[in-house]
Amino acid sequence: MENIIIFDTTLRDGEQVPGCQLNTTEKMEVAKALESLGVDVIEAGFPVSSPGDFNSVVEISKVISAPVVCALTRSVKNDIDIAAESLQYAKRKRIHTGIGTSDFHIRYKFNSTQEEILERAIAATKYAKKYVEDVEFYCEDAGRTDNVYLARVVEAVIKAGATVVNIPDTTGYCLPNQFGEKITYLIDNVPNIHKATLSVHCHNDLGLATANAIAAIQHGARQVETTINGIGERAGNTAMEEIAMILKCHPSLGFDTHIVTPKIYSISRSVSNLMNMPIQHNKAIVGRNAFAHSSGIHQDGVLKNKESYEIMDPKVVGIDENSILLTARSGRAALKHRLAILGVKTDNKKIDSIYEHFLQLADKKREISDDDVLMLAGIQHSKQQKIKLNYLRVISGKDVIPEAKIGISISGKTFEGKSSGNGPVDAAIKALKSILRKEMVLQEFVIQSINRGSDDVGKVHMQVLYNGKVYYGFGANTDIVVASLEAYIDAINKFKK
Ligand code: KIV
Ligand code: ZN
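Position one of the sequence shown corresponds to residue 6 (my numbering), numbered consecutively onward.
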């Protein structure tokens, strides 16, 4: 079996998604989970983009031992200087530099020419090489770049010292056969190609990110850039769990990865929870329905022989079907154990506080699922908010004008407000606005239930426009009006002046 290098970009491409931003502590938590999952390279951020990103790369570099820690740059000297500085503590480090190579990028983004871009690519690679031995070069929009020119750039950057060359399908445009042929073309037409590892970075705009990455592997790529749950710009990136399991389920392909597959489920849940990014129910490998057999024919077949309808054992990806559901009678130890299985680290103080919320929820719901537990752990992450909801009372129903009365505290000082509205959520938000008096507009409002049943927890995702910027908020409660107001307040707490 030949190893395929897994380059994880959850903390860079994944984190670029609006609403998915993590603080440094959360990023370190994800990075450590990625290390124990067995990824080979962790792209920890784009250090020049913000002091927060720079700091995250510094701190991740300090705590990661086995995987290579990588920092992204443009083909700009200052980006490379800053990336090198952010990687100073990394045991194994890589600078990932690059530039757009398609005509779209050359003409419209850079107002430049192929020759000039080629020179910039060579210069950036040589400059990064002054700092680190391991330099990866990306040819942005390689999917739409003319193969003849792409081959020239690849040859030149390898000559300049690139150890890895990344061929991204930035816009997710290619078909698997076209993308595979692009890789074959490079292998056949770049004389020094054997001196570097060929990497692919596929986006999912047409739902082909994983298929394109697999086609590329079959044609000679040996590194794949992935994210947990396939999160990433727009429709996302190739999903790590899909690549790992495709290669495992098809040994005849002759490839394997270092991924410790029983850890897939817990990291998938914890990334979804930390980044407030729900996993679609029918998502391959990690979706709630991925192993659920609902039709009678399927259930009958699975009971007779699992393999009739299951191509992989859920345990191989860490889904424990016999997991004990937690109830109001479960103790702290059971809760702590479940959190550990789900990849959430807790100390005694934190567990006490999660347990308090757990009991309140267990009072309202008979059984507490994994998603509920993660939601409760998530509440802890957002505890330090400036504005807090103290109480909410609403009148609503058929033939009444909905009204809401709320009490909030802002940095410890209490305020009250009331309003009517065209529904209970509208009334509650107007009551909040009567206190805050800010010009803000609710742009997106999604209510999602975690499990099933009328006693379920509702998760609310909101986007609020303020001062020309969109802020993301999240709330979860068995009362969806409370969850909605909390999501709104969560977004306001992120406002920058
Ligand atoms: O999609 C892309 O092209 C990228 C590069 C920066 C690698 O994310
Ligand atoms: Zn990308």
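Where is the CB? At the ideal position from N, CA and C, for every residue including glycine.
Owing to the predicted nature of the structure, the values given are computational and were not obtained by experimental measurement.
Residue span of the beta strand (DSSP E) that contains residue i, given as start and end
| i | result |
| --- | --- |
| Met467 | Gly463 to Tyr471 |
| Ala409 | Glu408 to Ile415 |
| Gly105 | Lys98 to Gly105 |
| Asp357 | Here Asp357 belongs to no beta strand (DSSP E); instead the alpha helix (DSSP H) covers Asn353 to Lys369. |
| Arg343 | No beta strand (DSSP E) holds Arg343; the alpha helix (DSSP H) holding it covers Arg337 to Ile346. |
| Asn278 | Taken as a continuous stretch (DSSP letters only), Asn278 belongs to no beta strand (DSSP E), being part of the alpha helix (DSSP H) at Ile269 to Leu279. |
| Gly402 | Here Gly402 belongs to no beta strand (DSSP E), and DSSP marks it neither H nor E. |
| Ile508 | This structure leaves residue 508 out entirely; the chain is present only between 6 and 502. |
| Ile9 | Note, Ile9: premise wrong, no beta strand (DSSP E); not H, not E. |
Residue i versus residue j: straight-line alpha-carbon distance, rounded
| i | j | result |
| --- | --- | --- |
| Asn234 | Lys268 | 13 Å |
| Asn287 | Ser273 | 14 Å |
| Val159 | Ile236 | 28 Å |
| Phe479 | Leu258 | 42 Å |
| Leu366 | Ile373 | 8 Å |
| Ser335 | Ile452 | 28 Å |
| His224 | Asn194 | 14 Å |
| Arg293 | Tyr132 | 47 Å |
| Arg79 | Ile359 | 42 Å |
| Ala218 | Ala289 | 16 Å |
| Met245 | Asp13 | 8 Å |
| Ala496 | Ala226 | 42 Å |
| Asn197 | Gly241 | 32 Å |
| Leu394 | Gly422 | 12 Å |
| Leu331 | Ala339 | 8 Å |
| Ser66 | Gly412 | 44 Å |
| Phe296 | Leu42 | 21 Å |
| Leu441 | Arg398 | 18 Å |
| Val378 | Phe363 | 8 Å |
| Ile16 | Tyr396 | Note that residue 16 is Leu in the sequence shown here, rather than Ile. Leu16 and Tyr396: Cα-Cα distance of roughly 36 Å. |
| Asn427 | Lys438 | 15 Å |
| Glu48 | Gly19 | 10 Å |
| Asn482 | Lys370 | 11 Å |
| Ile122 | Ala76 | 21 Å |
| Ala165 | Phe142 | 10 Å |
| Ser313 | Leu213 | 27 Å |
| Val153 | Gly185 | 15 Å |
Residues bridged to residue i (per DSSP)
| i | result |
| --- | --- |
| His206 | Pro173 and Glu230 |
| Asn242 | His208 |
| Tyr136 | In the DSSP output, where bridge partners are listed per residue, Tyr136 has none listed. |
| Lys474 | Tyr471 |
| Ile373 | Leu331 |
| Glu145 | Gly105 |
| Ser424 | Ala409 |
| Gly50 | Ala76 |
| Met445 | Tyr471 |
| Gly480 | Val465 |
| Leu394 | Ile413 |
| Ile236 | Paired residues: none, contrary to the question. |
| Thr419 | Ser414 |
| Phe260 | Glu7 |
| Ile452 | Val465 |
Residue-level contact to chain D via CB, residue i, 8 Å cutoff
| i | result |
| --- | --- |
| Lys309 | Here there is only one protein chain, and chain D is not present. |
Bounding residues of the alpha helix (DSSP H) (the contiguous stretch that carries residue i)
| i | result |
| --- | --- |
| Phe184 | Pro181 to Asn194 |
| Asn28 | Counting along the chain, Asn28 falls outside any alpha helix (DSSP H), and DSSP gives it neither H nor E. |
| Ile163 | Asn152 to Lys164 |
| Lys438 | Pro429 to Leu441 |
| Thr215 | Ala214 to Gln223 |
| Tyr94 | Run containing Tyr94: none; DSSP gives neither H nor E here. |
| Ser117 | Ser117 -> no alpha helix (DSSP H), and no H or E assigned at all. |
| Gly323 | It is not in any alpha helix (DSSP H) - Gly323 carries neither H nor E in the DSSP assignment. |
| Lys67 | Pro56 to Val68 |
| Glu491 | Ile485 to Asn498 |
heavy atom of the ligand KIV below 7 Å from residue i C-beta
| i | result |
| --- | --- |
| His342 | no |
| Asp18 | yes |
| Leu213 | no |
| Glu408 | no |
| Gly103 | yes |
| Asn171 | yes |
| Leu77 | yes |
| Tyr143 | yes |
Heavy atom of the ligand ZN within 7 Å of residue i beta-carbon
| i | result |
| --- | --- |
| Pro52 | no |
| Thr175 | yes |
| Asn242 | yes |
| His3 | This structure cannot settle anything about residue 3, because the visible part of the chain is limited to 6 through 502. |
| Glu238 | yes |
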